[in-house]
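Asker:
2 protein chains.
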Amino acid sequence: MALQPIVLDRQSIVPLYYQIQQCLLDQVRSGALKAGETVPSEGQISATLGISRMTARQALKMLCNMGVLYSERGRGTFVARAKLEKNFLQVLSFSEEMRARGSKPSSRVLAFKRLKPGREIADTLHLAAEEEVVLLRRVRMADSVPYCIECAHLPLHRFPELLQKFDPHHSLYQALAELYGIQIAAADEVAEAGAANAEEARLLRIRRRAPVFRFTRVAYLRDGRPVEFVKSTYRGDRCRVVNRLTRQI
Amino acid sequence: MALQPIVLDRQSIVPLYYQIQQCLLDQVRSGALKAGETVPSEGQISATLGISRMTARQALKMLCNMGVLYSERGRGTFVARAKLEKNFLQVLSFSEEMRARGSKPSSRVLAFKRLKPGREIADTLHLAAEEEVVLLRRVRMADSVPYCIECAHLPLHRFPELLQKFDPHHSLYQALAELYGIQIAAADEVAEAGAANAEEARLLRIRRRAPVFRFTRVAYLRDGRPVEFVKSTYRGDRCRVVNRLTRQI
DNA sequence: AAGTGGTCTAGACCACTCG
DNA sequence: GAGTGGTCTAGACCACTTG
Numbered sequence: 304m305a306l307q308p309i310v311l312d313r314q315s316i317v318p319l320y321y322q323i324q325q326c327l328l329d330q331v332r333s334g335a336l337k338a339g340e341t342v343p344s345e346g347q348i349s350a351t352l353g354i355s356r357m358t359a360r361q362a363l364k365m366l367c368n369m370g371v372l373y374s375e376r377g378r379g380t381f382v383a384r385a386k387l388e389k390n391f392l393q394v395l396s397f398s399e400e401m402r403a404r405g406s407k408p409s410s411r412v413l414a415f416k417r418l419k420p421g422r423e424i425a426d427t428l429h430l431a432a433e434e435e436v437v438l439l440r441r442v443r444m445a446d447s448v449p450y451c452i453e454c455a456h457l458p459l460h461r462f463p464e465l466l467q468k469f470d471p472h473h474s475l476y477q478a479l480a481e482l483y484g485i486q487i488a489a490a491d492e493v494a495e496a497g498a499a500n501a502e503e504a505r506l507l508r509i510r511r512r513a514p515v516f517r518f519t520r521v522a523y524l525r526d527g528r529p530v531e532f533v534k535s536t537y538r539g540d541r542c543r544v545v546n547r548l549t550r551q552i
Numbered sequence: 304m305a306l307q308p309i310v311l312d313r314q315s316i317v318p319l320y321y322q323i324q325q326c327l328l329d330q331v332r333s334g335a336l337k338a339g340e341t342v343p344s345e346g347q348i349s350a351t352l353g354i355s356r357m358t359a360r361q362a363l364k365m366l367c368n369m370g371v372l373y374s375e376r377g378r379g380t381f382v383a384r385a386k387l388e389k390n391f392l393q394v395l396s397f398s399e400e401m402r403a404r405g406s407k408p409s410s411r412v413l414a415f416k417r418l419k420p421g422r423e424i425a426d427t428l429h430l431a432a433e434e435e436v437v438l439l440r441r442v443r444m445a446d447s448v449p450y451c452i453e454c455a456h457l458p459l460h461r462f463p464e465l466l467q468k469f470d471p472h473h474s475l476y477q478a479l480a481e482l483y484g485i486q487i488a489a490a491d492e493v494a495e496a497g498a499a500n501a502e503e504a505r506l507l508r509i510r511r512r513a514p515v516f517r518f519t520r521v522a523y524l525r526d527g528r529p530v531e532f533v534k535s536t537y538r539g540d541r542c543r544v545v546n547r548l549t550r551q552i
């Protein structure tokens, strides 16, 4: 309830509402604000910090959207009980995901070439007829243990010299950012349950017919243009899909 | 660019920003506003409708958060290209999900009783020692075809007369809402890939070792208190997990 | 009655993009 | 320079919860 002293920097380029938001987030993370507890009200925050109520509100609103807080009309704003620090639903590349877990990612490159794609891929990537893609097929490993087979398709016209410039043993997303200034903003992913075929079993070092996940992922830029189509097969014993679902009321 | 005439009802209890938001959403859905096109600017909307710019902004902001629109500073607000009409990550009960697809849900009840839960469930639901749960185990079917085996656990103290009042052939979520005024707001779900064991194969009418999804779901109220723990097994050939991922930049 | 969050207003300045 | 979105202010009224 007592607001830890927040020092705002009005000269900073960082918006005031963001400074407040981060400060509250730190207090929740550190446990200074515990689950179920009341957060200082919009009125208190604005009075204490000498800012407008709308600005205080903006800070709280974003934390509510993130699921860190929740508000009840007439009662107040509270710290939510659920722990959702699990990097929910971020688009992460394999490399990023493994590094986040403290493992060292590596790759065995199976194919890296240009190719005329099939219908599904051409349609999904909005390619004109006869347009080619770059195909990158790799076994991805963490600490030298195979995790998945990843088969990425990228429109050649958008990444003209990828075949020459990119070392396929490194992180693709990092290369796209560095070479082309490309920021992936979102992705749609479909997961299916399957059983390993002979090739998958060999590459992933599992038994034939062992459980696997098959993912189909389409990655988008901020404006919604598709830039990547990926099919991948993950070992069922080393992968789980975590979701945070919300209910529209 | 031309704004379809929006008629605002200032007497309505429905907030102005929400009326605007729904109207724009309809135009995007109907195709009147196409992907990549400019949406009327905050200034235009506020001037045309005779409302404050902050209110117009609130309507646009929510649509941006939903991924329907995106904004670029200095340029404008645009319709996103991705098709994201896929019932994004909503918590839906089996019944709701099947009805949404136009199928008729039904259930074969395997168990409906009180029970002392194991450690994992007691911990997850924050139960005191010796506290019991209601166990509801069902084969869920759509148009009489088995889809999954669902095994739900609910804290008995919160739903004291569920065993007497609820007909286990109907929708559990609907009953929770009607009998206890309970609104589930969010859920965490973990999916794993597996192979059907003998019992699962029999109940789901698939071969032994056929691919299945195994889900573990914990459902929460608005304030984050857990109210349901579910383990379920879905036929791999009749289920896919769809995700929309976003990237924190 | 006092306090809370939800909505709304009518302004303001800024950084940015574009012609 | 005109138009855009991003931020911020200082008020306002309302419905709601709580004591």
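Which chain is which? The protein sequence lines are H and F, in order. When we follow the numbering used here, the leftmost residue of the first sequence carries the number 304, and every step to the right adds one. When we follow the numbering used here, the leftmost residue of the second sequence carries the number 304, and every step to the right adds one. Backbone N, C-alpha and C fix where the C-beta goes; we use that ideal spot for every residue, glycine too. Please read these numbers as outputs of a predicted model, since none were measured by experiment.
1. Would a check of beta-carbon distances place residue 329/H closer than 8 Å to chain F?
2. Can you tell me where the beta strand (DSSP E) holding residue 470/H begins and where it ends?
3. Can you tell me where the alpha helix (DSSP H) holding residue 397/H begins and where it ends?
4. What span of residues does the alpha helix (DSSP H) with residue 422/H cover, start to end?
5. Can you look up residue 533/F in the DSSP assignment and give me helix, strand or coil?
6. Going by DSSP, what residue range makes up the alpha helix (DSSP H) through residue 363/H?
7. Taking its Cβ as the centre, do 16 or more other Cβ atoms sit within 10 Å of residue 490/F, making it buried, or is it exposed?
8. Tell me which residue opens and which closes the alpha helix (DSSP H) that residue 326/F is part of.
9. Please find out if some non-hydrogen atom of the ligand MG comes closer than 7 Å to the beta-carbon of residue 507/F.
10. Please list the partners that residue 383/H has in chain F, where partner means a Cβ-to-Cβ separation under 8 Å.
11. Under 7 Å Cβ-Cβ, which residues of chain F neighbour residue 514/H?
12. Count the other CB atoms, across all protein chains shown, that sit within 10 Å of the CB of residue 410/F; report buried if there are 16 or more and exposed otherwise.
13. Identify whether residue 349/H lies in helix, strand or coil by the three-state DSSP scheme.
14. What is the DSSP secondary structure of residue 481/H, reduced to helix, strand or coil?
15. Sorted by chain position, which residues of the same chain lie with C-beta nearer than 7 Å to residue 541/F's C-beta, five sequence neighbours on each side aside?
16. When burial is assigned at 16 or more other CB atoms within 10 Å of the CB, is residue 315/F buried or exposed?
17. Quick one: list the residues of chain H neighbouring residue 373/F, beta-carbon separation under 9 Å, in chain order.
18. Keeping to the same chain, check which residues put their C-beta closer than 7 Å to that of residue 462/F; ignore five residues upstream and five downstream.
19. Along the chain, where does the beta strand (DSSP E) that runs through residue 489/H open and close?
20. So which residues of chain H does residue 339/F contact, with C-beta pairs closer than 9 Å?
21. For residue 348/H and residue 319/H, which I take to be in contact (beta-carbon distance under 8 Å), what is that distance rounded to the nearest angstrom?
22. Three Cβ pairs or more, each shorter than 8 Å: is that satisfied between the stretch 534–548 of chain H and the stretch 508–522 of chain H?
23. Over what stretch of residues does the beta strand (DSSP E) that includes residue 418/F continue unbroken?
24. Would DSSP call residue 432/F helix, strand or coil?
25. Excluding the 5 residues flanking residue 372/H on each side, which residues of the same chain have their C-beta closer than 7 Å to its C-beta?
26. Tell me the rounded alpha-carbon separation between residue 544/F and residue 515/H.
27. Report the rounded CA-to-CA distance for residue 539/H versus residue 511/H, giving the unit in angstroms.
28. With a threshold of 8 Å between beta carbons, is residue 334/H in contact with chain F?
29. So which residues of chain H does residue 461/F contact, with C-beta pairs closer than 7 Å?
30. Return the first residue and the last residue of the beta strand (DSSP E) that residue 520/F is part of.
31. How big is the Cα-Cα spacing for residue 527/F and residue 395/H?
32. In this structure, does DSSP put residue 445/H in helix, strand or coil?
33. Could you name the residues of chain F that residue 539/H contacts, counting a contact when the two beta carbons are closer than 8 Å?
34. Relative to the C-alpha of residue 546/F, which candidate in 495/H, 460/H and 529/H has its C-alpha closest?
35. Taking only beta-carbon atoms, is residue 370/H less than 8 Å away from chain F?
36. Does any CB atom of chain H fall closer than 8 Å to the CB of residue 545/F?
Answerer: If we stick to the structure as given:
1. It does not; no Cβ of chain F falls within 8 Å.
2. Here residue 470/H belongs to no beta strand (DSSP E), and DSSP marks it neither H nor E.
3. It spans 397–403 - the alpha helix (DSSP H) in which residue 397/H sits, taken as one unbroken run.
4. Where residue 422/H is concerned, the enclosing alpha helix (DSSP H) stretches over 422–427.
5. The answer is strand: DSSP assigns residue 533/F an E or B state.
6. From DSSP, the alpha helix (DSSP H) with residue 363/H extends over 356–369.
7. Buried.
8. Element bounds for residue 326/F: 319–333.
9. Here there are no bound small molecules, and the ligand MG is not part of this structure.
10. In chain order: 526 and 527.
11. Result: 496, 497, 498 and 514.
12. Buried is the call here.
13. When DSSP states are grouped into helix, strand and coil, residue 349/H belongs to the helix group.
14. In this structure, residue 481/H counts as helix in the three-state DSSP scheme.
15. Around residue 541/F: 450.
16. Residue environment analysis places residue 315/F among the exposed positions, since fewer than 16 neighbouring C-beta atoms fall within 10 angstroms of its C-beta.
17. Neighbours of residue 373/F in chain H, taken as residues whose beta carbon is under 9 Å from its own, are 488, 525, 526 and 527 in chain order.
18. Contacts found: 437 and 483.
19. From DSSP, the beta strand (DSSP E) with residue 489/H extends over 489–498.
20. Going along chain H in sequence order, the residues near residue 339/F (Cβ under 9 Å) are 526, 527 and 528.
21. So it is not a contact: roughly 11 Å between Cβ atoms.
22. Yes, since at least three Cβ pairs between the stretch 534–548 of chain H and the stretch 508–522 of chain H fall closer than 8 Å, the two stretches touch.
23. Segment 408–418, the beta strand (DSSP E) holding residue 418/F.
24. Coil.
25. Contacts found: 342, 363, 366, 380, 381, 382 and 383.
26. Near 14 Å, if we compare the C-alpha coordinates of residue 515/H and residue 544/F.
27. Counting only the Cα atoms, residue 511/H lies some 12 Å from residue 539/H.
28. With its beta carbon at least 8 Å from every one in chain F, residue 334/H lies outside the interface.
29. Against residue 461/F, chain H offers no close residue; the least beta-carbon distance is about 15 Å (beta-carbon pairs closer than 7 Å).
30. For residue 520/F, the uninterrupted beta strand (DSSP E) run begins and ends at 514–523, by DSSP.
31. In a straight line, the C-alpha of residue 527/F is about 26 Å away from that of residue 395/H.
32. Reduced to three states, the DSSP call for residue 445/H is strand.
33. Here the neighbours are 495, 496 and 497.
34. Of 495/H, 460/H and 529/H, the residue nearest in Cα terms is 495/H.
35. Residue 370/H counts as touching chain F.
36. Closer than 8 Å: yes.
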